[in-house]
Amino acid sequence: MAGNISISGLANTGFDYQAVLQKYQELKSISIQKLQYDQQNLQNKKDAILEIKNKLNAFVDSINALKNTTTYQTKVANLSNPNVADITVGTNALETNYSLTVNSLAKANSYKIGTISTITDYNAPISSTGSLTINYLKNGTATSFTVDYTGKSLKNIMDTINSSGD
Numbered sequence: 572m573a574g575n576i577s578i579s580g581l582a583n584t585g586f587d588y589q590a591v592l593q594k595y596q597e598l599k600s601i602s603i604q605k606l607q608y609d610q611q612n613l614q615n616k617k618d619a620i621l622e623i624k625n626k627l628n629a630f631v632d633s634i635n636a637l638k639n640t641t642t643y644q645t646k647v648a649n650l651s652n653p654n655v656a657d658i659t660v661g662t663n664a665l666e667t668n669y670s671l672t673v674n675s676l677a678k679a680n681s682y683k684i685g686t687i688s689t690i691t692d693y694n695a696p697i698s699s700t701g702s703l704t705i706n707y708l709k710n711g712t713a714t715s716f717t718v719d720y721t722g723k724s725l726k727n728i729m730d731t732i733n734s735s736g737d
């Protein structure tokens, strides 16, 4: 309400109607301010409850992730040198960590018994005589294996070496 309000008939009564109207305006304004304050207060409470709800939902999601068995069923394979070997963990592997360490690589060796012409039959006896001793480490222990190749074919020699059990 802007401006002055005049009420006829009260002019010389000594009644201060302007003060009454001003107090009325102030009281009306106070109730509006209180409603606005209450509205803001309720909005703040609503925002706080929403934040709590979101945090509780995140907490429940974390708990549900803990219930998921795949969280704990990890299958990890570590390889010390990927240039030497390849390692794959299959779906049926137990849930654990697997490691493959390559300590050393085998070196290719060759042994020449004698000069043999072109071999056409691996089952035919070779013409050289003698024996071949193969030295190697088995579980860190020096081991040897001797193959007598007198009168034997390449196939016989190969079968003897392969059936040695080492």
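Throughout, the working numbering is defined as the position within the sequence shown, counted from one, plus 571.
Glycine included, every Cβ here is placed at the ideal spot set by N, Cα and C.
Going straight from the alpha carbon of residue i to that of residue j, what length do you get?
i    : j    : result
Q611 : I623 : 18 Å
T640 : N649 : 22 Å
D609 : Q589 : 30 Å
F586 : K599 : 21 Å
A679 : S699 : 23 Å
K638 : K626 : 19 Å
S602 : Y595 : 11 Å
T712 : M729 : 24 Å
G743 : T645 : Absent from the structure is residue 743, since the part of the chain shown begins at 572 and ends at 737.
G736 : K709 : 11 Å
T704 : S675 : 22 Å
For residue i, which of helix, strand or coil comes out of DSSP?
i    : result
F586 : coil
A664 : coil
A648 : strand
D692 : coil
T640 : helix
V718 : strand
K624 : helix
Assuming the contact rule is C-beta atoms closer than 8 Å, residue i and residue j should be a hit. Round their C-beta distance to whole Å, please.
i    : j    : result
I697 : S724 : 7 Å
G701 : T721 : 6 Å
Measuring alpha carbon to alpha carbon, tell me which of the options ends up nearest residue i.
i    : options                : result
N727 : G585, K678, N694       : N694
A677 : N706, V660, S699       : N706
D719 : T731, A713, G711, T712 : T731
T672 : K616, G711, S651, V647 : S651
Would you call the segment 652-667 and the segment 622-637 touching, i.e. three or more CB-CB distances under 8 Å? no
Does the structure place the segment 685-705 close enough to the segment 661-669 that three or more beta carbon pairs sit under 8 Å? no
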